[in-house]
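Trainee: Sequence lines, in order, name chains G and B. Convert by adding 1088 to the 1-based position in the first sequence; the result is the number in the numbering used here. Convert by adding 1088 to the 1-based position in the second sequence; the result is the number in the numbering used here. Glycine is no exception: its CB is placed at the ideal position from the N, C-alpha and C atoms.
2 protein chains.
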Amino acid sequence: MNETLSRRERQIMDVLHRLGQASAADIEAELPDAPSYSAVRAHLRTLEEKGHLRHEVEQLRYVYFPTVNPERARKSAVRHLVDTFFGGSPADAVAALIDPKSAKLKKADLDRLAQLIEEARR
Amino acid sequence: MNETLSRRERQIMDVLHRLGQASAADIEAELPDAPSYSAVRAHLRTLEEKGHLRHEVEQLRYVYFPTVNPERARKSAVRHLVDTFFGGSPADAVAALIDPKSAKLKKADLDRLAQLIEEARR
DNA sequence: CAGCATGTGCTAGAAAACTAGCATGTTCTT
DNA sequence: AAGAACATGCTAGTTTTCTAGCACATGCTG
């Protein structure tokens, strides 16, 4: 997780990571306490200058993408979470995610995870 | 994850969540691009006024704690991660954490997780 | 065509964040 | 006692963030 992003910049990058790609209007709609469309665009311009995102033109409209690939962003975010909240232990993080008190995982999901754990044990 | 925290405020709260409790000097030592001791203290005062942390006096020195309990903070952070990077699917997040390409979990950890999954399946 | 809706580039002012310094207090060492 | 080290409360100046508005462009509709 990038520690140089300001409050708003971070919110905007989170929206982009969640949606994969988005127009300025999409982003505005997803932001907490959303500012005006033009304020969102000003932030997007800054983030693009910093290299955090890029845009493409689709039907005369800009669509924005994170520059870091999704897999890389995911890994970075997971590592930050594990370090910050789980004492660096991925297993503790998994245990929290599996915990039936937190999230009701579907049977199919549990079957799949049991399989993955079996594979990781070899 | 609290979206109203500024860049520095967020960094400071992360340190507190990681360490559980910390003095201003501890926090300064852990911050990326750490400012001066007095700058850190100014931030801590702001965060305390906002209710995010509190302090106790230990040997004439302030020690700071997050006000939200650790379990609650963890859940909130996990939910934010899952929503932002894993399309809302805890199972996908677990799969990423277990992935041998990302983290080499110990056998004891895997055994424990296999057990937890068995229990969650019932 | 004119007007409206929607889009972008850019600007600048307001607000917030960030920072370090000063004054004061406490404890320890010489 | 004096000085140094370490601590806090507070301030204010600097920098960054945040915001919305203006000018201009494009496409659609009546």
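Does the beta-carbon of Leu1204 of chain G have 16 or more other beta-carbons within 10 angstroms, so that it is buried, or is it exposed?
Mentor: Here residue 1204 of chain G refers to the residue found at position 116 when the first sequence is read from its first residue. Leu1204 of chain G is buried by the Cβ-count criterion.
Trainee: Based on DSSP bridge pairs, tell me the residues matched to Val1151 of chain G.
Mentor: The count along the first sequence starts at 1 and reaches residue 1151 of chain G at position 63. DSSP output for Val1151 of chain G lists G:Ser1111 and G:Glu1144 as bridge partner(s).
Trainee: Quick one: grab the DSSP three-state call for Thr1092 of chain B.
Mentor: Stepping through the second sequence from its first residue, residue 1092 of chain B is reached at position 4. Of the three classes helix, strand and coil, the one that applies to Thr1092 of chain B here is coil, per DSSP.
Trainee: Quick check on Ala1165 of chain G - is its C-beta less than 8 angstroms from some C-beta in chain B?
Mentor: Position 77 of the first sequence holds residue 1165 of chain G. It does; some Cβ of chain B falls within 8 angstroms.
Trainee: Should Tyr1152 of chain G and Gln1099 of chain G be called a contact, given that it needs their Cβ atoms to be closer than 8 angstroms?
Mentor: As a first step, residue 1152 of chain G must be located in the first sequence, where it is residue number 64. As a first step, residue 1099 of chain G must be located in the first sequence, where it is residue number 11. Not closer than 8 angstroms, so no.
Trainee: Below 8 angstroms CB to CB, which residues in the same chain sit around Thr1155 of chain G once its five sequence neighbours on both sides are set aside?
Mentor: Locating residue 1155 of chain G in the first sequence gives position 67, where the first residue counts as 1. Excluding sequence neighbours, Thr1155 of chain G sits near Gly1139, His1140, Leu1141 and Arg1142.
Trainee: Grouping DSSP H, G and I as helix and E and B as strand, with all else coil, what is Pro1123 of chain G?
Mentor: The residue you call residue 1123 of chain G lines up with position 35 of the first sequence. Coil at Pro1123 of chain G, not helix or strand.
Trainee: Between the C-alpha atoms of Lys1195 of chain G and Glu1116 of chain G, what's the straight-line distance to the nearest angstrom?
Mentor: Walking along the first sequence from the start, residue 1195 of chain G turns up at place 107. Walking along the first sequence from the start, residue 1116 of chain G turns up at place 28. Computed Cα separation, rounded: 37 angstroms.
Trainee: Report the neighbours of Pro1178 of chain G on chain B: residues whose CB is nearer than 7 angstroms to its CB, in chain order.
Mentor: One-based indexing of the first sequence puts residue 1178 of chain G at position 90. Simply Leu1185, Ala1191 and Leu1193.
Trainee: Could you give the DSSP three-state label for Val1156 of chain B: helix, strand or coil?
Mentor: Within the second sequence, numbered from 1, the residue matching residue 1156 of chain B stands at position 68. Here Val1156 of chain B sits in coil by DSSP.
Trainee: Run through DSSP, which three-state label would Leu1135 of chain G get?
Mentor: Residue mapping note: residue 1135 of chain G aligns to position 47 of the first sequence, counting from 1. Residue state, collapsed to three classes: helix.
Trainee: Just checking my contact of Ala1165 of chain B with Phe1173 of chain G at CB under 8 angstroms: how many whole Å lie between their CB atoms?
Mentor: Counted from its first residue, the second sequence places residue 1165 of chain B at position 77. Counted from its first residue, the first sequence places residue 1173 of chain G at position 85. Between Phe1173 of chain G and Ala1165 of chain B the Cβ distance is about 5 angstroms, and since that is below 8 angstroms, they are a contact.
Trainee: Where does the unbroken alpha helix (DSSP H) through Lys1195 of chain G begin, and where does it stop?
Mentor: What you label residue 1195 of chain G is simply residue 107 of the first sequence in a count that begins at 1. Lys1195 of chain G -> alpha helix (DSSP H) spans Lys1195 to Arg1209.
Trainee: Is there a Cβ of chain G sitting closer than 8 angstroms to that of Gln1172 of chain B, yes or no?
Mentor: On the second sequence, residue 1172 of chain B is found 84 positions in, with the first residue counted as 1. Contrary to the premise, residue 1172 of chain B reads as Thr rather than Gln in this sequence. Yes, Thr1172 of chain B lies at the interface with chain G (some Cβ there is under 8 angstroms from its Cβ).
Trainee: By the 7 angstroms beta-carbon criterion, what residues does the stretch 1100 to 1126 of chain B contribute toward chain G?
Mentor: Result list: Asp1102, His1105, Arg1106 and Pro1120.
Trainee: Please report the straight-line C-alpha distance between Asp1180 of chain B and Val1103 of chain G, rounded to a whole angstrom.
Mentor: By one-based count along the second sequence, residue 1180 of chain B stands at place 92. By one-based count along the first sequence, residue 1103 of chain G stands at place 15. So the alpha carbons of these two residues sit roughly 19 angstroms apart.
Trainee: Does the beta carbon of Arg1160 of chain G come closer than 8 angstroms to any beta carbon on chain B?
Mentor: Taking the first sequence and counting its residues from 1, one reaches residue 1160 of chain G at position 72. It does not; no Cβ of chain B falls within 8 angstroms.
Trainee: Roughly how many whole angstroms lie between the Cα atoms of Arg1149 of chain G and Ser1124 of chain B?
Mentor: In the first sequence, counting from the first residue as 1, residue 1149 of chain G sits at position 61. In the second sequence, counting from the first residue as 1, residue 1124 of chain B sits at position 36. Distance between the alpha carbons of Arg1149 of chain G and Ser1124 of chain B: 45 angstroms.
Trainee: Kindly say whether Ala1181 of chain G, judged by its beta-carbon, lies nearer than 8 angstroms to any beta-carbon of chain B.
Mentor: Within the first sequence, residue 1181 of chain G is the residue found at index 93, counting from 1. Yes, contact with chain B.
Trainee: Suppose you measure from the CA of Lys1189 of chain B to the CA of Gln1147 of chain B; what does that come to, to the nearest Å?
Mentor: As a working mapping, residue 1189 of chain B is identified with position 101 in the second sequence. As a working mapping, residue 1147 of chain B is identified with position 59 in the second sequence. Whole-angstrom Cα-Cα distance: 47 angstroms.
Trainee: Could you tell me the alpha carbon to alpha carbon distance between Asp1171 of chain G and Asp1121 of chain B, rounded to whole angstroms?
Mentor: Here residue 1171 of chain G corresponds to residue number 83 of the first sequence, with the count starting at 1. Here residue 1121 of chain B corresponds to residue number 33 of the second sequence, with the count starting at 1. Distance between the alpha carbons of Asp1171 of chain G and Asp1121 of chain B: 19 angstroms.
Trainee: For Phe1173 of chain B, does the three-state DSSP call read helix, strand or coil?
Mentor: Taking the second sequence and counting its residues from 1, one reaches residue 1173 of chain B at position 85. Helix at Phe1173 of chain B.
Trainee: Using a Cβ-Cβ distance under 8 angstroms, would Glu1231 of chain B count as near chain G?
Mentor: Any answer about residue 1231 of chain B is impossible in this case: the structure gives chain B only from 1089 up to 1210.
Trainee: DSSP on Ser1190 of chain B, reduced to helix/strand/coil?
Mentor: As a working note, residue 1190 of chain B is residue 102 in the second sequence. The answer is coil: DSSP assigns Ser1190 of chain B none of H, G, I, E or B.
Trainee: With 8 angstroms set as the bound, which would you pick, yes or no: does the beta-carbon of Arg1209 of chain G sit closer than that to a beta-carbon of chain B?
Mentor: Here the question's residue 1209 of chain G lines up with position 121 in the first sequence. It does: the Cβ of Arg1209 of chain G has a partner Cβ on chain B nearer than 8 angstroms.
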